[in-house]
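Numbering (my numbering), first residue to last: 712 to 757.
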């Protein structure tokens with residue numbers, strides 16, 4: 712298991728949540744950047 716370095720009084724769930732937030736938001740950010748750049752990111756309707 713990974714060793715998580717945090718302050719002694721911080722609950723484990725808070726540390727895990729803080730590490731999870733960037734992993735959840737990165738795909739959304741990349742999708743938005745691709746849309747602004749004009750790259751095709753969505754499936755075309757038939």
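Positions of the beta carbon are idealized from the N, C-alpha and C atoms, including for glycine.
Item to check | alpha helix (DSSP H) segment containing residue 740, residue limits | outcome: For the purposes of this step, residue 740 is identified with residue 29 of the chain shown, where counting begins at 1. Per DSSP, residue 740 belongs to the alpha helix (DSSP H) from 723-748.
Next on the checklist: I need the straight-line Cα distance from residue 723 to residue 741, nearest angstrom please.
Outcome noted: The residue given as residue 723 occupies position 12 in the chain shown. The residue given as residue 741 occupies position 30 in the chain shown. Approximately 29 Å between the Cα atoms of the pair.
Next on the checklist: Report the CB separation of residue 752 from residue 745 in whole angstroms; it is logged as a contact under 8 Å.
Outcome noted: As a first step, residue 752 is located in the chain shown; it is residue number 41 there, counting from the start. As a first step, residue 745 is located in the chain shown; it is residue number 34 there, counting from the start. Contact holds; Cβ gap of about 5 Å.
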